Every structure is written in structure tokens, then in C-alpha cells.
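Below: the structure, in C-alpha cells.
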Amino acid sequence: MPKKSELKNIRVRIAPSPTGAAHIGTARTALFNYLFAKQNKGKFILRIEDTDKERSEQRWTDEIIEELKWLGIAWDEGPDVNGNFGPYKQSQRLEIYQQYLNKLFAEGKAYYCFCTEDELEAKRQEQMSRGLAPKYDGKCAHLSKEVIEKNLAEKKPSIIRFRVENKKVKFHDLIRQDVEFDAGLLGDIVIAKNLDTPLFHFAVVVDDFEMQISHIIRGEEHLSNTPRQILLQEALEFNQPIYAHLPLMLNMDRSKMSKRQGDVAISDYHRNGYLPEALINFMVLLGWNPGTEKEIFSLSQLAKEFEIEKVQKAGAVFNIQRLDFLNGFYIREKPIEKLTELCAPYLKEAGLLMAGQVSENKLQKIIEVSRTRMKKLSDIVELSDFFFPDKLNFDKDLLSWQKAGDEATKESLQFSESILSEIKEWEIKNLEEKLFQASEKFNEKMRYPINNKGYMLWPLRAALSGKQSSPSPFEIADILGKEKTLKRISDAIKMLC
Ligand code: GLU
């Protein structure tokens with residue numbers, strides 16, 4: 009195998025089928041291919057595998073393109089980018105497949121099969137009842153030219169099969185090392201429905217050759233497809249690309265990730281407010297680790313540090329807590345102007361932020377005091393909703409500190425009210441200083457332990473936020489302004505009367 013420094017003309021690809029929402033597994037495969045191309049000065053190609061006419065839809069192609077772009081994973085050639093090896097959609101390459109199908113026919117390596125579905129099913133059942141692995145028995149493998157022509161002229165339903173040799177297929181995988189597979193188990197495989205409708209294995213093999221793909225980096229679910237594809241490459245006298253099969257993505261209980269068990273669509277993560285930086289960082293660790301304690305990586309760092317040989321074989325557990333941790337980290341790193349811009353749509357959608365109601369400066373302050381507790385952008389709604397309405401709704405019991413009771417709580421709030429109404433310089437440092445001083449006086453007056461600030465600050469904070477947890481009362485008061493702050497305190501006092 010050539011050493012990394014010697015690798016030339018690296019061309020890799022992802023080849024998603026647009027038959028459903030763009031999958032997080034596709035994004036991870038795209039990322040690993042992208043990084044491999046970047047560090048080897050190679051090319052990364054997006055090819056859309058839409059040969060399945062019934063299930064493929066343009067909207068899924070659009071979504072794949074949109075979400076990968078959002079993640080920052082850019083390709084050098086693809087359906088939306090010029091390249092010398094296009095078209096990059098399989099539905100536009102049918103003539104190319106036809107040429108190669110004809111070549112296989114001409115060399116006797118492919119044949120028409122006229123067996124019906126019922127017939128094949130009955131044979132499968134019969135084989136299984138004898139404890140055998142089902143495979144095609146070769147009934148149509150040696151039909152005479154006349155029979156074939158007659159059947160075709162009569163438009164008898166048919167498919168195209170490829171003659172699979174009875175031999176061992178061996179290949180070296182960059183991740184799984186040496187892999188061996190007994191092709192004798194396969195039987196002659198179906199490679200096309202007809203000359204205009206190639207099936208998956210055939211189209212993949214032809215395209216990878218035609219597009220001069222040097223390395224195939226894809227999910228482990230394709231490992232069992234590889235021997236079939238190698239046999240086709242051999243039959244067509246194509247070079248064999250180098251393979252790397254990425255480990256499966258597993259749920260926390262180590263079951264295989266599937267649509268039923270949670271979010272697998274990239275758009276779900278996008279919509280819920282995960283940042284592309286966090287997802288990139290998270291996805292690369294689904295199978296790769298740098299061999300050090302380091303766990304924060306930007307896309308550009310990864311392009312330098314990533315090594316395909318360090319990708320593990322064992323399944324990679326999709327730990328959402330780790331994603332939340334990374335997302336929180338990147339949220340805290342964001343410049344406040346940018347974070348505010350990213351949060352605003354969530355507040356608008358929740359009906360909290362109306363045009364012109366809150367100044368940009370105030371909004372930035374709201375986001376700033378909330379961001380330490382945000383795991384994802386959508387959390388901003390729950391963390392900051394109390395800043396926006398004129399009047400809060402909450403249970404009055406929330407106001408009481410250590411079961412102080414309504415009377416004592418009311419006194420506490422009245423004390424805060426009298427202090428705050430005197431404050432001229434409405435600014436966070438000053439508010440904090442004055443309220444701390446006042447808290448000691450209040451505790452002295454009420455004979456509470458002198459340093460227990462909760463007697464004064466808890467009812468105040470609860471009155472201003474209506475929440476069990478929130479930023480400090482100084483931060484909230486600073487943002488609300490004097491008038492709103494005093495109004496909320498008096499509303500709370502009324503609740504206690
Ligand atoms: N079209 C296949 C898929 O969507 C990928 C084929 C490949 O990577 O070889 O799973």
C-alpha cells in the first residue's frame with residue numbers, strides 16, 4: 009500500500025441515495041471523506057444515487073446539499089458544481105451504464121433471467137427448509153440465444169444477472185484490515201432491471217471507475233456489498249479502489265441507530281439549535297480519536313490531525329450528552345452579536361420577540377445572561393421567556409425562601425422595593441452592591457443569619473423571573489430596567505396579600 013505522503017490523485021466521494029431525510033450517518037461519512045481529501049490534497053465528490061426512481065425525490069437531494077453546506081462540508085465536484093466527471097446524478101448517466109451492461113453481455117458475463125418472483129420465492133423457501141442459505145440456482149444461466157430472443161420479443165418480464173464466480177474474494181480495508189468473503193455463497197446477482205435501469209451495485213462500480221475514485225470510505229453497512237462490487241470490477245477490468253469501512257453508529261444501549269429510536273436527520277439537529285462546529289466535532293469522534301485527551305477540534309484542525317488509519321473497528325456510541333456538552337462549549341465561544349442573531353429566530357417563532365419591541369443591545373444582554381445554561385439554541389426560549397411579557401404567571405409559593413411564609417416574604421419584597429426605588433444609577437454593579445448591603449440590614453432586622461442572602465434575594469429573583477432557576481436578580485433587574493423591575497415586585501407583593 010502506498011504511504012500517505014506518496015498518495016497521488018486522491019479522489020473520494022459520498023454517494024447518498026435521496027430516498028429520505030439527509031441522515032446523520034451520511035454527514036459523518038461525508039466528513040471523513042472530506043477530511044481525507046483535504047489532507048491528501050485530493051478531490052471530494054458528491055454523487056447522487058437516484059437510480060431507484062420510485063423512492064428518489066428531488067427534495068431529498070436539495071436537503072442533502074443544503075445540510076452538508078450548513079455543516080461546512082464542501083465538495084469539489086457534484087450536481088451543483090462543475091467537474092470533469094459529470095453528470096453527478098445517476099439518473100443522468102443511464103447511457104454510460106448501458107455501455108458497460110452491453111460489454112458484460114458481449115463477454116458472456118451477464119445474462120437475462122426470466123424467473124418470476126413467485127418461482128424465486130418458492131425456491132428460496134425450499135432451500136431454507138433444507139437448512140441452506142438461499143441463492144439463485146442458475147436456472148436461466150445457460151438459456152439458448154433463441155429462447156432468450158423469443159422471451160424478449162414476447163416481452164416476458166426479465167432482469168439482468170451477473171455470473172458470480174465460485175471463489176474467495178479478498179481485500180484490504182484501511183480500517184478492518186484483511187477481509188475475506190466466499191463468493192460461492194452469493195449466487196448470480198441481479199445487476200439491472202433492464203438496460204435502462206441499472207441497480208445499486210452495478211451503478212456504483214461503474215461510477216467509481218468512471219469518476220476515478222481512488223478510495224471508498226463508507227459505512228460498515230456496505231461491507232457485505234464490497235465483495236459483489238469487487239467481482240464486478242474484476243469482470244469489467246477496472247482498478248480496485250482502496251476501501252475503508254467506518255464503524256456502525258450505535259445507540260447508548262449499543263443497538264444499531266435507526267429512525268425509530270430518535271433523531272437521525274441532520275435537519276432535526278439543525279432545527280433544534282445544534283451548531284455546525286459542534287456536530288462536526290462530535291461526528292469525527294464517532295469512530296476516530298486522536299489518541300490524546302484533546303476533544304475540541306475545529307474543521308480546519310481536523311484536516312491536519314485526522315488519520316483514517318486511527319479509525320476504530322468497534323461500533324461508535326452516539327452519546328447525545330457529549331454532543332450537548334460540545335454544543336454548549338461552542339455556544340459559549342460564539343461572539344455575542346453572532347449568538348444573538350442565531351437565537352433571535354427561536355424567540356420570534358415562540359412569539360416572544362416582536363419586531364422593534366426589544367433593542368439589539370437589550371437582546372444581547374438577555375442572550376449573554378442565558379448562554380451559560382444553553383445546551384442548544386432552542387433552549388433560549390425556556391431560559392429567557394420571562395424577560396418579555398408585561399406580567400408573569402407563577403405560583404406564589406415560589407416566592408418564599410426556606411418556607412419563610414407569606415408575611416415574611418412580603419416584608420422581604422417590600423424591603424427590596426424600597427431600596428430599588430431609591431437607586432438612581434441603574435447599573436448592574438451598583439444594583440449588586442446596594443442589594444448586598446440591604447440584605448445584611450434586612451437579616452439583622454428580621455433576626456435571620458446575617459450572611460444568608462436568600463431571605464432577600466430569593467423572593468426578589470423569583471418575583472422578577474417567576475422561575476425556580478434563572479440568572480441573578482441583579483442581571484435580571486439590569487435588563488428589565490427600573491420601571492419594569494418595580495412593577496414585577498409590586499405584582500408579587502399583591503399575590504401575597
Ligand atoms: N448509495 C449508497 C447509500 O446511500 C451509498 C453507496 C456507497 O457509498 O458505495 O447508502
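Heads up: the sequence shown begins at 9 in the numbering used here, then just goes up one per residue. The beta carbon of each residue, even a glycine, is placed where N, CA and C say it ideally should be. Small disclaimer: the values here were computed from a predicted structure and weren't measured.
(message) For a test of the three-state rule: what should DSSP assign to W296, helix, strand or coil?
(response) Correct three-state label for W296: strand.
(request) Examine the Cβ distances between the stretch 272-282 and the stretch 291-300 and report whether three or more of them are shorter than 8 Å. (result) By the Cβ rule, the stretch 272-282 does not count as touching the stretch 291-300, because fewer than three pairs are nearer than 8 Å.
(message) Mapping the DSSP letters down to three states, classify T205 as helix, strand or coil.
(response) T205 carries a strand assignment under DSSP once its states are collapsed to helix, strand and coil.
(request) Output the boundary residues of the alpha helix (DSSP H) element that contains K175. (result) Per DSSP, K175 lies in no alpha helix (DSSP H) segment and is marked neither H nor E.
(message) For R21, count the other beta carbons within 10 Å of its own beta carbon; 16 or more makes it buried, fewer makes it exposed. Which is it?
(response) R21 sits buried, since 16 or more C-beta atoms from the chains shown fall within 10 Å of its C-beta.
(request) Over the uninterrupted alpha helix (DSSP H) stretch that includes I328, give me the two end residues. (result) Residues 328-341.
(request) Could you name each continuous alpha helix (DSSP H) segment of 4 residues or more that falls completely within the stretch 381-443, going from the start of the chain to the end? (result) The stretch 381-443 contains these whole alpha helix (DSSP H) runs: 387-392, 414-430.
(request) Just the C-alpha distance for L385 and I304, rounded to the nearest angstrom, thanks. (result) CA-to-CA, the gap between L385 and I304 works out to about 19 Å.
(message) Do I168 and L203 have their beta-carbon atoms positioned less than 9 Å apart in this structure?
(response) Contact: yes.
(message) Here's the rule I'm using: 16 or more other beta-carbon atoms within 10 Å means buried, otherwise exposed. How should I56 be labelled?
(response) Label assigned to I56: buried.
(request) Measuring alpha carbon to alpha carbon, tell me which of I328, E62, P353, I224 ends up nearest S265. (result) Note on identity: in this sequence residue 265 is Met, with Ser being the wrong assignment. Ranking I328, E62, P353, I224 by Cα distance to M265 puts I328 first.
(request) In angstroms with no decimal places, state the Cα-to-Cα distance between V187 and K176. (result) For V187 and K176, the distance between alpha carbons rounds to 10 Å.
(message) Considering just the uninterrupted stretch of the beta strand (DSSP E) at I250, what are its terminal residues?
(response) Its beta strand (DSSP E) spans residues 250-254.
(request) Under 7 Å Cβ to Cβ from W466, same chain only, skipping five residues before and after it: list those, please. (result) Closer than 7 Å at the Cβ level, and outside the excluded window around W466, lie W409.
(message) As an exercise, report each continuous beta strand (DSSP E) stretch of at least 3 residues that is fully enclosed by the stretch 27-77, in chain order.
(response) Unbroken beta strand (DSSP E) stretches of 3 residues or longer found wholly inside the stretch 27-77: 51-54, given in chain order.
(message) Per the DSSP calculation, Y120 is bridged to which residue(s)?
(response) Answer is I168.
(message) Please tell me whether G223 and L182 are closer than 9 Å, where the distance is taken between their beta carbons.
(response) The sequence given here places His at residue 223; Gly does not occur at that position. Yes.
(message) So, with DSSP's three-state summary, where would you put F314?
(response) Correct three-state label for F314: coil.
(request) Report the rounded CA-to-CA distance for F113 versus K318, giving the unit in angstroms. (result) The straight-line gap from Cα to Cα measures roughly 42 Å.
(request) Tell whether a beta-carbon distance below 9 Å holds between G227 and L256. (result) In this structure, G227 places its C-beta atom within 9 Å of the C-beta atom of L256.
(message) What residue range does the alpha helix (DSSP H) around H223 cover?
(response) Taken as a continuous stretch (DSSP letters only), H223 belongs to no alpha helix (DSSP H), being part of the beta strand (DSSP E) at 223-227.
(message) Under 9 Å, Cβ to Cβ, is there at least one residue of chain B near K370?
(response) The displayed structure is made up of one protein chain only, and chain B is not part of it.
(message) Is G50 a contact residue of ligand 1, with contact defined as CB to any heavy atom under 8 Å?
(response) Incorrect: G50 has no Cβ contact closer than 8 Å to ligand 1.
(request) Helix, strand or coil for G509, going by three-state DSSP, please let me know. (result) No information on residue 509 is available, as it lies outside the stretch 9 to 505 that the chain covers here.
(request) Mind checking which residues open and close the alpha helix (DSSP H) that includes Q135? (result) From DSSP, the alpha helix (DSSP H) with Q135 extends over 125-137.
(request) Pull up the distance between the alpha-carbon of E368 and that of I344, whole angstroms please. (result) About 11 Å.
(request) Go ahead and label R496 buried or exposed: buried means 16 or more other beta carbons lie within 10 angstroms of its beta carbon, across all protein chains shown. (result) Around the beta-carbon of R496, 16 or more other beta-carbon atoms lie within 10 Å, marking it buried.
(message) Does the structure place the stretch 42-58 close enough to the stretch 87-98 that three or more beta carbon pairs sit under 8 Å?
(response) Here the stretch 87-98 makes contact with the stretch 42-58; the two share three or more CB pairs at distances below 8 Å.
(message) If the criterion is Cβ atoms closer than 9 Å, does the pair M260 and F189 meet it?
(response) Not in contact: M260 and F189 (Cβ atoms no closer than 9 Å).
(request) If I'm right that I18 touches N48 with Cβ under 8 Å, what's the distance once you round it to whole angstroms? (result) Rounded to the nearest angstrom, the Cβ distance from I18 to N48 is 4 Å, consistent with a contact under 8 Å.
(request) Alpha carbon to alpha carbon, how far is L406 from F423? Give it in angstroms, no decimals. (result) Cα to Cα, F423 sits roughly 18 Å from L406.
(request) Indicate whether A286 and N247 have their beta-carbon atoms separated by less than 9 Å. (result) Not a contact, by the Cβ cut-off of 9 Å.
(request) Kindly indicate which residue of E154, E134, F395, R101 has the alpha-carbon position closest to the one of D145. (result) Distances from the CA of D145 to each of E154, E134, F395, R101 were compared; the closest alpha carbon is that of E134.
(request) Work out the CA separation of I427 and R455 for me, nearest whole Å. (result) Straight-line Cα distance between these residues: approximately 19 Å.
(request) Say yes only if the C-beta of G146 is nearer than 8 Å to one or more non-hydrogen atoms of ligand 1, and no if none qualify. (result) Because no heavy atom of ligand 1 lies under 8 Å away, the Cβ of G146 does not count as near it: no.
(request) Answer yes if the stretch 446-465 comes into contact with the stretch 487-504, meaning at least three C-beta pairs across the two stretches below 8 Å, and no otherwise. (result) With a cut-off of 8 Å on Cβ pairs, the stretch 487-504 is not in contact with the stretch 446-465, counting fewer than three such pairs.
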